[in-house]
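S.K.:
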Amino acid sequence: MSRTFQLICFWFAVSSTAVFSQETEPELAAKPPFNLPLDVGIIEGDEALRLVENGKSLATIVIATDALKALEGLSIDRPNPQTAAEKVAWAASDFKTYIQKISGAAISIIGEDDSCPTESRILVGRSKHTTFYDEKIPKGLTPLREEEGYTIIRDGKTLVLAGNDSMPYNGTEYAVYFFLHRLGVRWYLPDDFGDVIPDRPTIAVGKLDVVGRPDFKMRSWWVHWFADDLRSVESRWKIRNGMSLNLTHSVPGDSSVRSVLPPESEKDKPEFAEVFARDAAGQIFPHMPNLASEKSVQYAANVIKEYFRNNPEANSWGIGADDGLPRDFSAGTNERHLNFPSLIGRFNDPAGDSTSEEWMEWVHRVSAEVRKEFPERFLSTNGYANRDTPPIGGPFDSSVWIMFAAIWSDTYHAYDNPRSWMTQRQFKMLKTWTSRYKNVYMYDYLYFNLVGCGAPPIPLARRHKHNMPLLKQIGVVGFWDEGRTVRGEAGIFPTYLLARMMWDADLDVDALMKEY
Numbered sequence: 051m052s053r054t055f056q057l058i059c060f061w062f063a064v065s066s067t068a069v070f071s072q073e074t075e076p077e078l079a080a081k082p083p084f085n086l087p088l089d090v091g092i093i094e095g096d097e098a099l100r101l102v103e104n105g106k107s108l109a110t111i112v113i114a115t116d117a118l119k120a121l122e123g124l125s126i127d128r129p130n131p132q133t134a135a136e137k138v139a140w141a142a143s144d145f146k147t148y149i150q151k152i153s154g155a156a157i158s159i160i161g162e163d164d165s166c167p168t169e170s171r172i173l174v175g176r177s178k179h180t181t182f183y184d185e186k187i188p189k190g191l192t193p194l195r196e197e198e199g200y201t202i203i204r205d206g207k208t209l210v211l212a213g214n215d216s217m218p219y220n221g222t223e224y225a226v227y228f229f230l231h232r233l234g235v236r237w238y239l240p241d242d243f244g245d246v247i248p249d250r251p252t253i254a255v256g257k258l259d260v261v262g263r264p265d266f267k268m269r270s271w272w273v274h275w276f277a278d279d280l281r282s283v284e285s286r287w288k289i290r291n292g293m294s295l296n297l298t299h300s301v302p303g304d305s306s307v308r309s310v311l312p313p314e315s316e317k318d319k320p321e322f323a324e325v326f327a328r329d330a331a332g333q334i335f336p337h338m339p340n341l342a343s344e345k346s347v348q349y350a351a352n353v354i355k356e357y358f359r360n361n362p363e364a365n366s367w368g369i370g371a372d373d374g375l376p377r378d379f380s381a382g383t384n385e386r387h388l389n390f391p392s393l394i395g396r397f398n399d400p401a402g403d404s405t406s407e408e409w410m411e412w413v414h415r416v417s418a419e420v421r422k423e424f425p426e427r428f429l430s431t432n433g434y435a436n437r438d439t440p441p442i443g444g445p446f447d448s449s450v451w452i453m454f455a456a457i458w459s460d461t462y463h464a465y466d467n468p469r470s471w472m473t474q475r476q477f478k479m480l481k482t483w484t485s486r487y488k489n490v491y492m493y494d495y496l497y498f499n500l501v502g503c504g505a506p507p508i509p510l511a512r513r514h515k516h517n518m519p520l521l522k523q524i525g526v527v528g529f530w531d532e533g534r535t536v537r538g539e540a541g542i543f544p545t546y547l548l549a550r551m552m553w554d555a556d557l558d559v560d561a562l563m564k565e566y
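So the sequence shown is numbered by our numbering: it starts at 51 and just counts up by one.
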């Protein structure tokens, strides 16, 4: 083994298992690790449902007719299925593939109208054969996106692997992948290179009646940089580890507030004089609304309502200010300003003050106007930059979703680390946000060295172990992180762990680490 390769191996080992020595260890309740094979694949006796015995298939996969047709069009170039049929097709295809890798047995896939050649059957996804189990299979799609989940049922000679496949959910795929995980399959890295496949010539299933739902309803990250040949396999890796690819709502991107303002070319027209903000010199600032003006509220609300009328499937609208520290200095807005300092600094605003009070009050007024016509739709906005400090004024419109993005904070240490004032401050802010709004999610950075990427790997497993249960405890609803997922920077195991804890924040991390 070359010295270079030895160093590379050591680098990955450190990044995957090392922890900061100063991190404190809270007492966590013992929990049986779900990741270890329990009652699948090792069952003996007449009551077991044998899917494979000594490398020979004893069962058949049955899927709906439209899913059978969708099998023909599956391609890794389209890794994120959009229809229920495509999702079931991916689930059935991967189930067949991995069962063959585990046992050597080739299980056939047939349609719901075909005659089953075996006594035992594996029902993947909804079909006419799953009607009896409908009450146990998660379903539905409401604006708040709280219906996600999967079901695994072993009933006599039938194994049911199905879930909610309504957009944006991947329930049937999760049913298959969590079942395979019980068999011992692991996806540590994207593509076959990162697979761990157990050798089991016989696969027998004991009693199973499981409904799985995620702890967080948003579970993803997006990256600026990615090698083109890794994008698709990374997408499949995410789904196989319980992450989600489809957004549950309209994210409040930077500058999205401009979409609810008149065009900049109209800024000098008298009828819009009260719609646009003013800068510190009293001049029109066309990229920000006058936060005190009723005319700006009505203009924004009319734009949003027209969108909902034309897009009945939409559940939300995102409003985010320009990146940086934009501020409205209009007279009426200044009266609402409380002169609280902002921790992020003084880039655009000479005072660097927090504008959460006036910004959130304006968003609430727009939301109230929109919800007069569309009571089930909601607005989302971001607690970012000079708006990350939670507002103290009320009443609060709890229907508004908040993307909390205090990205100035320490990205190395956990929220309960006594040596990091940044993470402690961030967590206190976050607890206040979640006490006032029902749907607060994280926009965190996966850039662990902001000055320059590519630095030595950062041992983050302990951070995830501490943070995820805390975030679940205070009611955070998910993650839409930004950055890079280069395993040489963030580590193999920490990235895998973060993905899995987005589904189950209470995993036995020590057991997973030992297994890895």
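Idealized CB from N, CA, C, for every residue including glycine.
1) Taking only the alpha-carbon atoms, compute the straight-line gap between lysine 119 and threonine 133 and give it to the nearest angstrom.
2) Only counting the same chain, and skipping five residues up and downstream in sequence, which positions put a Cβ closer than 6 Å to that of asparagine 489?
3) Where does alanine 225 fall in DSSP's three states?
4) Please specify which runs of the alpha helix (DSSP H), each continuous and at least 4 residues long, are wholly inside the segment 251-296, giving them in chain order.
5) Could you give the residue range of the beta strand (DSSP E) that holds threonine 461?
6) Beta-carbon within less than 8 Å of proline 240's beta-carbon, same chain only, minus the 5 sequence neighbours each way: which residues are those?
7) Under a three-way DSSP split, which group does serine 300 fall into?
8) I need the DSSP call for asparagine 130, collapsed to helix, strand or coil.
9) Tell me which residues share the same chain as asparagine 436 and place their Cβ nearer than 6 Å to its Cβ, disregarding the 5 neighbours each side in the sequence.
10) Measuring CB atoms only, is the segment 539-556 touching the segment 226-240, in the sense that at least three cross pairs come out at less than 8 Å?
11) Please list, in chain order, all residues of the same chain as tyrosine 497 whose beta carbon is under 6 Å from its beta carbon, the five residues on each side excluded.
12) Could you have a look at proline 313 and say whether DSSP puts it in helix, strand or coil?
13) Using three-state DSSP, classify alanine 511 as helix, strand or coil.
14) Report all residues from its chain with a CB closer than 6 Å to the CB of histidine 414; omit the five preceding and five following residues, and keep chain order.
15) Could you spell out the range, first to last residue, of the beta strand (DSSP E) harbouring isoleucine 452?
16) To the nearest angstrom, how far is it from the Cα of alanine 456 to the Cα of phenylalanine 529?
17) In terms of alpha-carbon separation, which member of Glu411, Lys522, His463 lies closest to glutamate 385?
18) Going by C-alpha distance, which of Ala511, Ala371, Thr201 is nearest valine 301?
19) Cβ atoms of alanine 114 and glutamate 569: under 7 Å apart, would you say?
20) Quick one: what's methionine 492 bridged to in DSSP?
21) Would you identify the three-state DSSP class for serine 143, choosing helix, strand or coil?
22) Could you tell me which residues DSSP puts in a beta bridge with serine 366?
23) Here's the rule: buried if 16 or more other CB atoms are within 10 angstroms of the residue's CB, otherwise exposed. What is tryptophan 553?
24) Only counting the same chain, and skipping five residues up and downstream in sequence, which positions put a Cβ closer than 6 Å to that of aspartate 460?
25) May I have a chain-ordered list of the beta strand (DSSP E) segments no shorter than 3 residues that lie completely inside the segment 319-377?
M.R.: The short version:
1) Whole-angstrom Cα-Cα distance: 12 Å.
2) Trp451, Val527
3) helix
4) Whole alpha helix (DSSP H) segments, 4+ residues: 278-290.
5) It is not in any beta strand (DSSP E) - threonine 461 carries neither H nor E in the DSSP assignment.
6) Leu280, Val283, Glu284, Arg286, Trp287
7) coil
8) coil
9) Leu375, Ser392, Ser404, Thr405
10) yes
11) Gly533
12) coil
13) helix
14) Asp447
15) Unbroken beta strand (DSSP E) run through isoleucine 452: 451-455.
16) Answer to the nearest angstrom: the Cα atoms are 13 Å apart.
17) Among Glu411, Lys522, His463, the Cα nearest to that of glutamate 385 is on Glu411.
18) Ala371
19) The chain is shown only over 51 to 566; residue 569 falls outside these bounds and no answer can be derived.
20) Phe454, Phe529
21) helix
22) Phe428
23) buried
24) Ser470, Met472, Thr473
25) 326-328, 334-339, 366-369
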